[in-house]
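Chemist:
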Amino acid sequence: MDVPPGGILGRMPSATLRLDDPRVSEAHALLSLRGRGFRLLALRGLLQVGKAPTTEVALAVGQVVRLAPDLALTVQAIALPESLLAVALPGQAPQELSSPVYSLLHDGALVGRYEPDASAHLWSTSEGWMVRAAAGEPSPLQVGTFTLGPHTLTVSGIPLAAAAVNPTLFSGRFFAPVRIITNFDIARIEIEGRELCSISGHAGRILCELAAVRGPVNWEIVAGEIWDGDDRHTLRQSWDRALGTLRGKLRLPELRPDLVRADGHGHIELFLQTGDEIEDRG
Numbered sequence: 021m022d023v024p025p026g027g028i029l030g031r032m033p034s035a036t037l038r039l040d041d042p043r044v045s046e047a048h049a050l051l052s053l054r055g056r057g058f059r060l061l062a063l064r065g066l067l068q069v070g071k072a073p074t075t076e077v078a079l080a081v082g083q084v085v086r087l088a089p090d091l092a093l094t095v096q097a098i099a100l101p102e103s104l105l106a107v108a109l110p111g112q113a114p115q116e117l118s119s120p121v122y123s124l125l126h127d128g129a130l131v132g133r134y135e136p137d138a139s140a141h142l143w144s145t146s147e148g149w150m151v152r153a154a155a156g157e158p159s160p161l162q163v164g165t166f167t168l169g170p171h172t173l174t175v176s177g178i179p180l181a182a183a184a185v186n187p188t189l190f191s192g193r194f195f196a197p198v199r200i201i202t203n204f205d206i207a208r209i210e211i212e213g214r215e216l217c218s219i220s221g222h223a224g225r226i227l228c229e230l231a232a233v234r235g236p237v238n239w240e241i242v243a244g245e246i247w248d249g250d251d252r253h254t255l256r257q258s259w260d261r262a263l264g265t266l267r268g269k270l271r272l273p274e275l276r277p278d279l280v281r282a283d284g285h286g287h288i289e290l291f292l293q294t295g296d297e298i299e300d301r302g
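Per our numbering, residue 21 is the first one in the sequence shown, and the count goes up by one each step.
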């Protein structure tokens, strides 16, 4: 069954994909378009890919996502839009809209999160993008140039084929998309067909596990897959050592500093942006 962006998976009659099963919540998960890919977001409980529970899954063709024991969905096809919206402020490069919410701060910075005191907010819906200035009314975000308070924004459409190879802007720098090739405990990272690094051992295994999950996951779940049977204190020591090794290997000028990121609450993820790819050879 086809599920459009913003579609709900669940038990309620109005769900886009209705799952008549008592183990499924009325609104169990939401399909969200994030840049050049789709993510399935858990609204109640957890999703599972492989052995790792998670709250968010970056979808790929052939992927199996488990909603409950013995209840799984297989991604048979992915249909992406022809173009993506990008926003530019004067003197800045266009910024592709790949997060679900943006805040336009008073200093002109556009950040991918909700800030209550911002000059304006932009957010995605199942039908497109909306924009609202502070104390204003929501309106559809359309291609063109317009003013939000003291700021002038130019909205353009980027063909998806071009967006796939566009670099990502991070802290004022541009980073080319990466290709990560995984094979159990060995991960290779390439940019534009050139190998940057090869990571093996426990550090490589962490990266391979995060690539398999394709979303935020608790560190203990990943660590438990690698060091099965260790007590929590020993597990944490092993995890910190291997994660430190991984971060050191990823500390290259060509790689985004947030490629592997933690949320400060025990979750970690391989953070993929537009054009980034994973190839599992395990």
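We treat Cβ as the ideally placed atom computed from N, Cα and C, and that holds for glycine.
1. Report the three-state DSSP secondary structure of Q115 (helix, strand or coil).
2. By the 10 Å Cβ neighbour count, where 16 or more other Cβ atoms means buried, how is T202 classified, buried or exposed?
3. Is T36 helix, strand or coil when you go by DSSP?
4. At the level of alpha carbons, what is the spacing between A154 and L117?
5. On the CB-based measure, 16 or more other CB atoms within 10 Å of its CB, does A207 come out buried or exposed?
6. Sort A108, L216, G111 by Cα distance to L272 and report the nearest one.
7. By a C-beta neighbour count over all protein chains shown, 10 Å radius and 16 as the cutoff for buried, is Y122 buried or exposed?
8. Per DSSP, what are the beta-bridge partners of F58 in this structure?
9. Which one or two residues does DSSP pair with H287 in a beta bridge?
10. In the DSSP assignment, what residue or residues form a beta bridge with W143?
11. Sorted by chain position, which residues of the same chain lie with C-beta nearer than 7 Å to A223's C-beta, five sequence neighbours on each side aside?
12. Roughly how many angstroms separate the alpha carbons of D278 and F291, rounded to a whole number?
13. Distance check for G148 and A232, CA to CA, integer angstroms please.
14. In whole angstroms, what separates the C-alpha of S144 from that of R152?
15. Which of the three DSSP states is assigned to L91 in this structure?
16. Out of G27, A196, P42, which has the shortest C-alpha to C-alpha gap to L61?
17. Using DSSP bridges, identify the partner residues of L67.
18. Please name the residue, chosen from Q257, L173, S218, that lies closest to T165 on a Cα-to-Cα basis.
19. With which residues is D300 paired in a DSSP beta bridge?
20. With a threshold of 16 other CB atoms inside 10 Å of the CB of P179, please say whether the residue is buried or exposed.
21. Does the pairing of the stretch 241-254 with the stretch 80-87 give three or more beta-carbon distances under 8 Å?
22. Does DSSP classify A243 as helix, strand or coil?
23. So, helix, strand or coil for S103, using DSSP?
24. In its own chain, which residues sit with a C-beta less than 7 Å from the C-beta of I98, not counting the 5 before and 5 after it?
25. Check whether the Cβ atoms of L275 and F195 lie closer than 8 Å to each other.
26. Determine the direct distance from the alpha carbon of L109 to that of L130, and round the result to whole angstroms.
27. Look at L37 and L50 and say whether their C-beta atoms are less than 8 Å apart.
28. Note down the Cα distance separating E212 from P197, rounded to an integer number of angstroms.
29. Distance check for G249 and R256, CA to CA, integer angstroms please.
30. Taking the continuous alpha helix (DSSP H) assigned at G132, which residues delimit it?
Modeler: Reading it off the structure:
1. strand
2. buried
3. coil
4. 20 Å
5. buried
6. L216
7. buried
8. L53
9. N238
10. V121, M150
11. A262, T265, L266, K269
12. 7 Å
13. 29 Å
14. 12 Å
15. strand
16. G27
17. T74
18. L173
19. T202
20. exposed
21. no
22. helix
23. strand
24. F58, L79, V81
25. yes
26. 9 Å
27. no
28. 8 Å
29. 12 Å
30. Run containing G132: none; DSSP gives neither H nor E here.
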